[in-house]
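For the sequence shown, this note's numbering begins at 48 and goes up steadily by one.
C-beta atoms are modelled at their ideal positions from N, C-alpha and C, and glycine is treated no differently.
Notes to accompany the following structure.
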Amino acid sequence: MAVGIFDSGLGGLTVLDAVSKRLPDQYFVYFGDNAHAPYGVRDADDVFDLTTKAVARMWDAGCDLVILACNTASAAALRRMQESWVPTDKRVLGVFVPLIEALTERSWGDNSPPREVSVKHVALFATPATVASRAFQRELAFRAIGVDVEAQACGGVVDAIEEGDVILAEALVRSHVDALKRKMPNPEAVILGCTHYPIMRSTFQEALGVDVKVYSQANLVADALADYLERHPSMKGKGADNLFLTTGDTRKVSDRATQFLRRRIDFQSV
Ligand code: DGL
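Next up, the structure:
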């Protein structure tokens, strides 16, 4: 079986890269909905419609398990998909929970009551739709008490990354970090709550200062997926080369992906 990795665009490649290094024999199908990115400025119904259309295409490409490597889709559409849309023989998982488990010092699936954790001041950088959903705060409240979260909606960063405009993306990241620091001058931990942002990780770290711990999802999701596949071996599957699908311009998307991953990636049209 193929495992699907879905994102609105290029950001999920940060997750694809980590999962394919962690699970080199597993066959992956990547789907970037580049024609409709960014999702972060869309409403929840729109994100649901686009995400379900993409995931249905991934079922057709042989996936039984799809990871929404997109916080915006995980925040705005995942619960509704799991409750009313996903067929019983398929699975769709999001990227929030592994991150929150790491932050709250929990192992996989520890559903014990919320408790005090060592970090008290957490900054969240995410898209406007993810921030508006408050999904991060909701998941955190199930697991931890007494954590102060300051969320910064980072308008424009995803568009700049999708367009390959690194100078603009860097300037926007710096201005969003400044805005966050005005609200929370000394965060102890920072969450990059959008899979596009690790592409700008060094700019975030530089603007925040070297002492601030920055959490991003790729390796956490890779560990969680490896664990999941051990427990659900029927979802595993081998393949020669991973398949990359996009709704966007295949040449442009392939060039950007090659630039980000520093190896040749060839996308096909969906
Ligand atoms: N990379 C996605 C996320 O993790 C989506 C960004 C967007 O399309 O706005 O939220």
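Assuming residue i and residue j form a contact by the criterion Cβ under 8 Å, report the distance between their Cβ atoms to the nearest whole angstrom.
i           : j           : result
residue 204 : residue 216 : 6 Å
residue 292 : residue 315 : 6 Å
residue 118 : residue 61  : Contact flag wrong, Cβ pair sits at about 12 Å.
residue 170 : residue 234 : 4 Å
residue 160 : residue 267 : Not quite, the Cβ-Cβ distance comes to about 22 Å (not below 8 Å), so this is no contact.
Is residue i helix, strand or coil by DSSP?
i           : result
residue 264 : coil
residue 131 : helix
residue 190 : coil
residue 164 : coil
residue 204 : helix
residue 197 : strand
residue 213 : helix
residue 70  : coil
residue 185 : helix
Would residue i be called buried (16 or more neighbouring beta carbons within 10 Å of its own) or exposed?
i           : result
residue 193 : exposed
residue 96  : exposed
residue 73  : buried
residue 185 : exposed
residue 189 : exposed
residue 243 : buried
residue 277 : exposed
residue 287 : exposed
Name, in chain order, the residues that DSSP records as bridge partners for residue i.
i           : result
residue 110 : 49
residue 223 : Residue 223 pairs with nothing; no bridge assigned.
residue 316 : 293
residue 79  : 54 and 293
residue 173 : 200
The ligand DGL: which residues have Cβ under 6 Å from any of its heavy atoms, chain order? 54, 55, 56, 58, 84, 85, 86, 87, 117, 118, 119, 174, 177, 205, 241, 242 and 243
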